[in-house]
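Asker: Counting in this note's numbering, the sequence shown runs from 14 upward without gaps.
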Amino acid sequence: MENKKPIQSHRDLEVYQTAFDAAMEIFELSKKFPMEERYSLTDQIRRCSRSVCANLGEAWRKRRYEAAFVAKLNDCEAEAAETQIWIEFAVKCKYLEVEVGRQLYRTYDLILGKLVKMIANPSPWLMPKARKE
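(1) In angstroms, rounded to a whole number, what distance separates the CA positions of residue 40 and residue 32?
(2) Just to confirm, is the Cβ distance from residue 128 to residue 71 under 8 Å?
(3) Looking at residue 50: is its Cβ nearer than 8 Å to the Cβ of residue 139?
(4) Do the stretch 57 to 75 and the stretch 22 to 32 make contact, defined as three or more Cβ pairs closer than 8 Å?
(5) Are there 16 or more other CB atoms within 10 angstroms of the CB of residue 134, so buried, or fewer, so exposed?
(6) Output the distance between the C-alpha atoms of residue 97 and residue 141, rounded to the nearest integer angstrom.
(7) Is the Cβ of residue 125 closer than 8 Å to any Cβ of chain B?
(8) Could you pull the start and end residues of the alpha helix (DSSP H) that residue 68 belongs to?
(9) Taking just the CA atoms, how far does residue 88 sit from residue 145?
(10) So what's residue 131 in DSSP terms, helix, strand or just coil?
(11) Count the other C-beta atoms from every protein chain shown that fall within 10 angstroms of the C-beta of residue 27, then say buried if there are 16 or more, exposed otherwise.
(12) Note the first and the last residue of the continuous alpha helix (DSSP H) segment covering residue 89.
(13) Is the distance from the Cβ of residue 99 to the Cβ of residue 58 below 8 Å?
(14) Report buried or exposed for residue 136, applying the criterion of at least 16 other Cβ atoms within 10 angstroms of its Cβ.
Here is the structure:
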């Protein structure tokens with residue numbers, strides 16, 4: 014069995030690393046989108062893909078409180094789902110090749126799966142309760 018190092022920040026989370034890499038891939042691919050899409054599809058797909066990561070960072074800092082942590086994870090889930098929709102538009106508009114779009118979409122399915130598991134069982138991620146003295 015692989016000896017994993019302890020998670021000390023949101024950057025250590027596998028879901029964060031996957032989302033960050035996917036957002037960077039989207040950034041690179043979207044550089045080739047048409048100029049007329051700069052303030053619409055290009056901006057939207059970049060923002061929501063980055064927002065998955067930003068919300069994960071915020072969720073990590075809120076893990077003292079289960080409800081706040083889960084709420085931020087729900088925001089991550091919504092942003093990941095929105096990213097999938099923009100990927101679909103990019104493919105339909107022929108800005109992304111079908112296979113590239115499928116691969117990105119599958120990556121976001123993996124991200125969504127990890128987020129849903131964290132939302133369904135947040136306790137391993139929460140900070141221990143502060144002791145009352």
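All C-beta atoms in this analysis are idealised placements derived from N, C-alpha and C, irrespective of residue type, glycine included.
Answerer: Answer, in terms of the structure:
(1) Counting from one through the sequence shown, the residue named residue 40 turns up at place 27. Counting from one through the sequence shown, the residue named residue 32 turns up at place 19. If I take the Cα positions, the gap works out to 12 Å.
(2) Here residue 128 corresponds to residue number 115 of the sequence shown, with the count starting at 1. Here residue 71 corresponds to residue number 58 of the sequence shown, with the count starting at 1. The answer is no: Cβ separation not under 8 Å.
(3) Counting from one through the sequence shown, the residue named residue 50 turns up at place 37. Counting from one through the sequence shown, the residue named residue 139 turns up at place 126. Result no, Cβ atoms of residue 50 and residue 139 do not sit closer than 8 Å.
(4) yes
(5) Numbered from its first residue, the sequence shown carries residue 134 at position 121. Exposed, since its Cβ has fewer than 16 Cβ neighbours within 10 Å.
(6) For this step, residue 97 is matched to residue 84 along the sequence shown. For this step, residue 141 is matched to residue 128 along the sequence shown. Cα to Cα, residue 97 sits roughly 35 Å from residue 141.
(7) Structure shown: chain B not included; a single protein chain is present.
(8) Residue numbering aside, residue 68 sits at position 55 when the sequence shown is read from its first letter. Looking at the DSSP string, the run of the alpha helix (DSSP H) that includes residue 68 is 56 to 74.
(9) Within the sequence shown, residue 145 is the residue found at index 132, counting from 1. Within the sequence shown, residue 88 is the residue found at index 75, counting from 1. Because residue 145 sits at a pLDDT of 44, beneath the cut-off of 50, its placement in the model cannot be relied upon, and the point is left open.
(10) Taking the sequence shown and counting its residues from 1, one reaches residue 131 at position 118. Residue 131: helix per DSSP, three-state reduction.
(11) The sequence position of residue 27 within the sequence shown is 14, counting from 1. The residue is exposed, with fewer than 16 neighbouring Cβ atoms inside 10 Å.
(12) Residue mapping note: residue 89 aligns to position 76 of the sequence shown, counting from 1. Counting along the chain, the alpha helix (DSSP H) containing residue 89 begins and ends at 79 to 105.
(13) Stepping through the sequence shown from its first residue, residue 99 is reached at position 86. Stepping through the sequence shown from its first residue, residue 58 is reached at position 45. The answer is yes: Cβ separation under 8 Å.
(14) In the sequence shown, the residue the question calls residue 136 occupies position 123. Per the 10 Å Cβ criterion, exposed.
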